[in-house]
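Peer 1: One structure follows; several queries about it will come next.
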Amino acid sequence: LVPFVTLFHFDLPQALQDEYNGFLSPDIINDFRNYAELCFKEFGDRVKHWITLNEPHSHSTLGTKVPYMTSHNQLLAHAAAVKLYRTKYQDSQNGSIGITLNSLWFLPFSNDILDHQAAQRALDFMFGW
């Protein structure tokens, strides 16, 4: 059994939500990076597989009324943590880092080109992280 450690899966500290609205604010980016660095330092000798965000689409679309801003800041926080890990820790810890996406699957209602285009747009929206 090989563990994959997730840094964020709907468990934002309430203090960050209260202080600046969590992922609605760009302030989350540096805080998430700092949190990730603490985890890499403290647990990196035992963790070989990191997941920055689990189900970011669900969090941004179901957990807020401003999904695009939330998604934007989630991706920037993810990028900051990945860049940090790859430049500072990956060589010495010999691990991997990524994101876990969830999605629905969409099929066209008919063979009509508009239905195919609609299904493709829906897939792009779900997987286009």
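If you read the sequence shown in our numbering, its first letter stands for residue 1155, the second for the next number, and so on.
We put the beta carbon where it would ideally sit given N, CA and C, even for glycine.
Whose CA, out of Trp-1259, Ser-1179, Val-1156, Asn-1265, lies closest to the CA of Val-1201?
Peer 2: Cα-wise, what sits closest to Val-1201 is Val-1156.
Peer 1: Should Gly-1176 be labelled buried (16 or more other beta-carbon atoms within 10 Å of its own) or exposed?
Peer 2: buried
Peer 1: Tell me the DSSP secondary structure of Val-1236 in three-state form.
Peer 2: helix
Peer 1: Excluding sequence positions up to five away, which residues of its chain have a Cβ less than 6 Å from the Cβ of Ile-1251?
Peer 2: Answer for Ile-1251: Trp-1204, Val-1236, Tyr-1239, listed in chain order.
Peer 1: Which value, in whole angstroms, describes the spacing of the CA atoms of Asp-1266 and Trp-1259?
Peer 2: Rounded to whole angstroms, the gap between the alpha carbons of Asp-1266 and Trp-1259 is 18 Å.
Peer 1: Could you confirm whether any beta carbon from chain D is found closer than 8 Å to the beta carbon of Ser-1250?
Peer 2: In the structure shown, chain D does not exist; there is a single protein chain.
Peer 1: When we look at the beta-carbon of Ser-1164 and count the other beta-carbons within 10 Å, is it buried (16 or more) or exposed?
Peer 2: It should be pointed out that residue 1164 corresponds to Phe in this sequence rather than to Ser. Exposed, by the Cβ-count rule.
Peer 1: Kindly identify the DSSP beta-bridge partner or partners of Trp-1204.
Peer 2: Val-1159, Ile-1251
Peer 1: Locate the alpha helix (DSSP H) running through Phe-1194, then write down its first and last residues.
Peer 2: 1181-1197
Peer 1: On the three-state DSSP scale, how would you describe Ser-1214?
Peer 2: helix
Peer 1: Rounded to whole angstroms, what's the CA-CA distance from His-1270 to Pro-1262? Just pull it up for me.
Peer 2: 5 Å
Peer 1: Is it buried or exposed, Gln-1228, if we count other Cβ atoms within 10 angstroms and call 16 or more buried?
Peer 2: Per the 10 Å Cβ criterion, buried.
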